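Sequence order for the protein chains is A and B.
Residues in the first sequence are numbered consecutively from 3, following the numbering used here.
Residues in the second sequence are numbered consecutively from 5, following the numbering used here.
No residue lacks a Cβ here, since even glycine has one placed at the ideal position from N, Cα and C.
Since this is a predicted model, take the numbers as computed values, not measurements.
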Amino acid sequence: MSRPAESTAPARIFVIDDDDVMLLSCRRILERDGYAVETFDNGHEGLTRLETVKPQLILVDLKMPELDGLQVIQRIRGLDPDLVIAVITGYATIATAVDAMKAGAYDFLPKPFTPDELRLVVTRGCERWRLANDSKRLRHEKEAAERRIVTFLTHQLKSPLAAAKQYLDVLAFTSGTELPPKAAEWIARSQARLEEMLILIDDWLTLANVERGAVSHREASTELPAVISQVAQAAAPHAERSRVTVTTSVDPGIPPVCGDAGSVATVISNLVINGIKYNHPSGEVTLRAAREGEMARVDVTDNGIGIPEESLPRIFEEFYRVGNGAARDVPGSGLGLAICRRIVEELGGSIEAASTLGSGSTFTVRLPLATRTGSQRAA
Amino acid sequence: MSEPKTILIIDDDPDFVAAISHLLETCGHRVRSAPDGRKGYELAQAILPDLVLLDVMMTERTEGFFTLERIRRTPALKHVPVIVVSSIYAEYPSFRVNPDAGWLPADLFLAKPTDPQRLIDEVTRLLAAPPVSGSVAS
């Protein structure tokens, strides 16, 4: 059985019980095992002490005059929901145990108990506290590491790539016609390769930001028709280059949807760009938006190369890329649809895909209407 | 080509400065540059540029924002068009930062690397724009 000796400071235990003999024996047993024990003969004193010191475990007697054990437990939980509580009682019935657990107790010690039974409950309680704290600490460390990666990606990777591409962009623009054909061609290829990498980094940053909850502002609301027209406008140069037609059919009366315009635009833009990329010359991409009950529904349909049936369940996974012939040649980070799914989920909506290989795909996004959240908040 | 104007680039990336200077000079503009916000602001006061290209991510993460604030609070500079150029703004800058919100009074946001044609078009547009009322004073 593990002792609290692993950590430098002894584990601190509070015992709250109106029976002095009980308090004394708990103290004796636990102090011998190296715990720091504080005892209180009523709930008020224990709760007051909790405001300054947080123990690893609190043992509470259920049956006490004045403030009874269940009330003490409820107040402790109100003070700090992470505190671990075990209940001591002389009335070891299922009903009292259930009540105590419901109120937030973690363990149960029926009176009378042997020193070993007490030790078992205390060890379990301290272990529980340690695990809860470890996972909290790990979560914080993980978040800090993610923030460092995001900063690293932006500064150390993106800036030099952007500078290199900027040189080539300016060079091609100012001296494109004077360059030997080979040089012009290789500059163009280098520009394209650098562009791919910049897009990958941007996608990666977006995904990291979405996962931190930093991108999708649920409480914000967005006018879908305005976002769709801006997305279509921004996609126009891509469409023209690929000789794909983008058409929109938007019900102008759609109420605003949940989410900030940036997040909603990122989702729709990713789908439209995919519709253009995975298409044939003279292909078509259609953007439709309409209200559907308490949701807004956006369909992005293309008549492009389509997705094989076996790939369909996996396309929203990070870094998953369809391996069939036509799609393999299209550059992409494999993150676009993962970003879409994460944002849509964050906003309380859904995304799905339907496709027939060789004849095209339809991606359907449903976003909750902002009015609904508004009325809920008002209620 | 329009009459030559003086453009100030405030950016700590010497390669970006070199590439963009070359582009703007090719279009007949005079280009000056400064590697950080403090020197950039001092130079702006000294030369009173016709337009400023400002990077927001210099040594300190928010340095560019402070520089922009200082430019906007200086009577002789407050009507100078400022284009914020940064790698932190992706494809939809107008969505992420709303210039109407007033907290970042830049005239335009452009992502790095910048499309040369787009930059020249925007620079030409901003230089040709009639001065906002009151700016004639300087």
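Taking every protein chain shown into account, the CB of B/His33 has 16 or more other CB atoms within 10 angstroms, so this residue is buried.
In the three-state reduction of the DSSP assignment, A/Arg14 falls in the strand class.
Judged by DSSP secondary structure, A/Met66 falls outside any beta strand (DSSP E); it is assigned neither H nor E. For A/Glu354, the beta-bridge partners assigned by DSSP are A/Thr366.
Restricting attention to B/Cys31, B/Gln121, B/Pro120, B/Glu126, the CA atom closest to the CA of B/Leu112 is found in B/Glu126. The beta carbon of A/Val123 sits closer than 6 Å to the beta carbons of Ala88, Asp109, Leu111 from its chain, once the five residues preceding and following it are set aside; these are given in chain order. Positions of the alpha helix (DSSP H) runs, each at least 4 residues long and wholly inside the stretch 27 to 99 of chain B, are given as 41 to 51, 67 to 77 in order along the chain. In the structure shown, A/Pro254 adopts coil according to DSSP, grouped into three states. Counting the other CB atoms within 10 Å of its CB gives A/Phe154 a total below 16, which places it among the exposed residues.
Rounded to whole angstroms, A/Glu311 and A/Thr358 show a C-alpha spacing of 8 Å. Neighbourhood of A/Asp118 in chain B, by CB distance below 8 Å: empty, with the nearest CB roughly 58 Å away. Around B/Thr118, the beta-carbon contacts reaching into chain A at under 8 Å are Gln168, Asp171.
In the structure shown, A/Phe321 falls within a coil segment according to DSSP collapsed to helix, strand and coil. Exclusion of the five residues before and after A/Arg77 leaves Leu49 as the residues of its chain whose Cβ lies within less than 7 Å of its Cβ.
Remark: three or more beta-carbon pairs, one from each stretch, lie closer than 8 Å, so the stretch 81 to 91 of chain B and the stretch 47 to 56 of chain B are flagged as touching. Proximity of chain A to B/Gln121 at the Cβ level (cut-off 9 Å) is accounted for by Phe175, in chain order. Neighbours of B/Ser91 in chain A, taken as residues at a C-beta separation under 8 Å, are given in chain order as Thr156, Lys160, Ser161, Ala164. A straight-line Cα-Cα distance of about 8 Å links B/Ile13 and B/Asp59. The Cβ-Cβ distance between A/Ile90 and A/Leu61 falls below 8 Å. Fully contained in the stretch 86 to 133 of chain A are the following alpha helix (DSSP H) runs of length 4 or more, in chain order: 96 to 105. The stretch 355 to 371 of chain A makes contact with the stretch 296 to 308 of chain A; the number of CB pairs closer than 8 Å reaches 3 or more. For A/Glu197 and A/Ala186, the gap between their C-alpha atoms comes out near 16 Å. Less than 8 Å divides the Cβ of A/Leu72 from the Cβ of A/Ala102. Restricted to the stretch 157 to 192 of chain A, the alpha helix (DSSP H) segments that are unbroken, complete and at least 4 residues in length are 161 to 177, listed in chain order.
Within the stretch 20 to 42 of chain B, contact with chain A at the beta-carbon level (separation under 8 Å) is assigned to Phe20, Ala22, Ala23, Ile24, His26, Leu27, Thr30. Classified as buried, B/Val56 has 16 or more neighbouring CB atoms from the shown chains inside 10 Å of its CB.
A/Thr41 is a Cβ neighbour of A/Val17, given a cutoff of 8 Å. With a threshold of 8 Å between beta carbons, B/Asp15 makes no contact with chain A. Across the structure, A/Leu273 and B/Val88 are spaced so that their CA atoms are roughly 28 Å apart. At the C-beta level, B/Thr10 and B/Pro39 stay beyond 8 Å of one another. Between the alpha carbons of A/Ile317 and A/Lys279 lies a distance of about 15 Å. Counting C-beta pairs with one atom in each stretch, the stretch 228 to 240 of chain A and the stretch 176 to 192 of chain A have fewer than three that are closer than 8 Å, which means they do not touch.
One Cα belongs to A/Thr54, the other to A/Ile341, and the distance between them is close to 44 Å. Per DSSP, B/Asp17 is not a residue of any alpha helix (DSSP H), being assigned neither H nor E. Taking the C-beta atoms as reference points, A/Asp84 is found nearer than 8 Å to A/Ala134.
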